[in-house]
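What follows is a short report on a single structure.
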Amino acid sequence: MRAVVAAGTGGPEVLSVGEVDAPRAGAGEVVIEVVATAVNRADTLQRQGFYPPPPGATDTIGLECSGRIAELGDGVTGWSVGDEVCALLAGGGYAARVAVPVGQVMPVPGGVSLVEAACLPEVAATVWSNVFMTAHLQKGERFLVHGGAGGIGTMAIQLATARGAEVFTTAGSPEKLELCRSLGAAHAIDYHDEDFVEVLQDAGGADVILDNMGAKYLGRNVTALATAGRLVIIGMQGGAKGELDINALLRKRASVTATSLRARPVPEKAAICCGVVENVWPLVASGAIRPIVETTMPLEDVARAHQLMEDGSHSGKIVLTL
Numbered sequence: 001m002r003a004v005v006a007a008g009t010g011g012p013e014v015l016s017v018g019e020v021d022a023p024r025a026g027a028g029e030v031v032i033e034v035v036a037t038a039v040n041r042a043d044t045l046q047r048q049g050f051y052p053p054p055p056g057a058t059d060t061i062g063l064e065c066s067g068r069i070a071e072l073g074d075g076v077t078g079w080s081v082g083d084e085v086c087a088l089l090a091g092g093g094y095a096a097r098v099a100v101p102v103g104q105v106m107p108v109p110g111g112v113s114l115v116e117a118a119c120l121p122e123v124a125a126t127v128w129s130n131v132f133m134t135a136h137l138q139k140g141e142r143f144l145v146h147g148g149a150g151g152i153g154t155m156a157i158q159l160a161t162a163r164g165a166e167v168f169t170t171a172g173s174p175e176k177l178e179l180c181r182s183l184g185a186a187h188a189i190d191y192h193d194e195d196f197v198e199v200l201q202d203a204g205g206a207d208v209i210l211d212n213m214g215a216k217y218l219g220r221n222v223t224a225l226a227t228a229g230r231l232v233i234i235g236m237q238g239g240a241k242g243e244l245d246i247n248a249l250l251r252k253r254a255s256v257t258a259t260s261l262r263a264r265p266v267p268e269k270a271a272i273c274c275g276v277v278e279n280v281w282p283l284v285a286s287g288a289i290r291p292i293v294e295t296t297m298p299l300e301d302v303a304r305a306h307q308l309m310e311d312g313s314h315s316g317k318i319v320l321t322l
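Residue numbers for the sequence shown follow full-length UniProt numbering, so the first one is 1 and each next one is one higher.
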């Protein structure tokens, strides 16, 4: 089958489309004939050799996809060959077919095309699991997400707004700030000219912060928290090692949690996907949340897609079609 292959680790130029063995459905799995997949920052890290797949997962890049079920493994019920679905993957999305545990397979939300659905599983699962299952964001609380114009950010702004939070976000250009406001952000902060810490402190502090920067923002995030605030770290774009002021946490009775999604056990991922289908998909179907797609390009343009991701000028998601 067609799939993206890597000629070692390195820049986007190591990626091309080649031929690999097609997967078969194991017990409790389905095989999806992929229509589209989406590019995530974790994909670029895997390409560089910094984010290997978990044990037992395919080496093929790709953490989400949409398509049609082509094969059912033993013990799979509730689905039929030909059903249109999207899925959260441990890997393998950049290919014509992918095998996935049935608990990570989700229906395509109403009102969304099959291609658009490819960009929803990873961001929806990340935001739902971290902001709501882990940090327990409540209606009326203040929520800060960094990088509001990115894939995670655009989903986080919309979902938090739809559930009644007051949303703060950071972005780096007038166009991205305007996008954030259009998605529901009450406070869009230009990180070139404004200090998000000051903005949040003036407002009373953030009850929940979703952060992909890691070390670079650690101290400032803690300062920006409200009493009993919850900081959830999901990335290390700003470094892996930082200094944590435990005294500041104690005074605020605050918490810092670091999580990842890809390496979680299959039952945990299945529980997250169930939560997404129950709580996020109805908001997508109603139009309260919409997929934000920067561009769509064929799988053969994978190197260009990775370069666009790393340039950082895009908003929303980059989708690859097969």
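In this text, a Cβ means the ideal position worked out from N, Cα and C, and glycines have one as well.
Every value quoted in this text rests on a predicted model; they were computed, and no experiment measured them.
- Between the beta-carbon of residue 70 and that of residue 31 there is about 5 Å, and that keeps the pair under the 8 Å contact cut.
- The three-state reading of DSSP puts residue 190 in strand, counting E and B together.
- Nearest to residue 165 by C-alpha distance, out of 142, 225, 250, is 142.
- Here the alpha carbon of residue 254 sits roughly 28 Å from the alpha carbon of residue 193.
- In the DSSP annotation of this structure, residue 179 is not part of any beta strand (DSSP E); the continuous alpha helix (DSSP H) holding it starts and ends at 174-182.
- In the three-state reduction of the DSSP assignment, residue 309 falls in the helix class.
- In terms of Cβ geometry, residue 54 and residue 90 form a close pair [threshold 8 Å].
- In summary, residue 180 is buried, with 16 or more beta-carbon neighbours lying within 10 Å of its beta-carbon over all protein chains present.
- Annotated three-state conformation of residue 251 is helix, per DSSP.
- With distances taken between CA atoms, residue 25 lies nearest to 73 out of 44, 73, 57, 34.
- Burial is judged here by how many other beta carbons sit within 10 angstroms of a residue's own beta carbon; residue 168 has at least 16 and is buried.
- Per DSSP, the beta bridge partners of residue 142 are 166.
- By alpha-carbon distance to residue 48, the top candidate from 124, 88, 310 is 310.
- Annotation: the continuous beta strand (DSSP E) that includes residue 86 extends over 84-88.
- Restricting attention to 214, 207, 9, 154, the CA atom closest to the CA of residue 228 is found in 207.
- Spanning the alpha carbons of residue 18 and residue 92 requires a straight line of approximately 14 Å.
- Our two residues, residue 319 and residue 198, have alpha carbons roughly 36 Å apart in a direct line.
- The closest CA to that of residue 27, considering only 260, 289, 103, 231, is found on 103.
- For the pair residue 88 and residue 36, the CB atoms are not nearer than the 8 Å cut-off.
- If you compare the alpha carbons of 296, 80, 45, 183 with that of residue 284, the shortest gap goes to 183.
- Assignment of residue 16 by DSSP, reduced to helix, strand and coil, places it in the strand class.
- Of the residues 99, 191, 123, 304, the one whose Cα lies closest to the Cα of residue 159 is 123.
- Of all alpha-carbon atoms in 308, 190, 67, the one lying nearest the alpha-carbon of residue 96 is that of 67.
- Put simply, the stretch 240-254 does not touch the stretch 263-272. Fewer than three CB pairs are less than 8 Å apart.
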